[in-house]
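Here's the structure, in structure tokens; my notes come after.
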Amino acid sequence: MSKEDKIEIEGVVIKTLPWWVFEVKLPDNFGWGWIIIRAYISWKMRKNFINLIEWDSVLVELTPYDLSKWRIVFRKK
Numbered sequence: 001m002s003k004e005d006k007i008e009i010e011g012v013v014i015k016t017l018p019w020w021v022f023e024v025k026l027p028d029n030f031g032w033g034w035i036i037i038r039a040y041i042s043w044k045m046r047k048n049f050i051n052l053i054e055w056d057s058v059l060v061e062l063t064p065y066d067l068s069k070w071r072i073v074f075r076k077k
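Residue numbers (full-length UniProt numbering): 1 to 77.
See below:
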């Protein structure tokens, strides 16, 4: 799978859950407001001890092969 196959969306962390799972608020392009998803943190972020708190801006990644698994890959400053 190449990097071009992945879908990346910018969102905001609104809640932290156990086991490196976070609720992320994504903008809705249809004008309905916001979409709230659950995403887990990527292994590289765990390995480098990058912590996330509420209201952090993050980049969320989705593969077209499994549309139910969201992964947080980058924390924006």
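Here a beta-carbon is modelled for each residue, glycine too, at the ideal position from N, C-alpha and C.
In this text, all values refer to a predicted model and were calculated from it rather than measured experimentally.
- Of E61, D66, L67, N29, the smallest CA-CA separation from R75 is found for E61.
- Within the same chain, V13, R75 come within 6 Å of D56 by CB-CB distance, once the 5 residues on both sides are set aside.
- Taken in chain order, the whole beta strand (DSSP E) runs of length 3 or more contained in the region 27-76 are 34-41, 57-62, 70-76.
- Per DSSP, E4 is not a residue of any beta strand (DSSP E), being assigned neither H nor E.
- Nearest in C-alpha terms to F49, of all of K6, D5, W20, is W20.
- With respect to the C-alpha of I9, the residue from K69, V58, L67 having the closest C-alpha is V58.
- Distances from the CA of S68 to each of W43, G11, A39, P27 were compared; the closest alpha carbon is that of A39.
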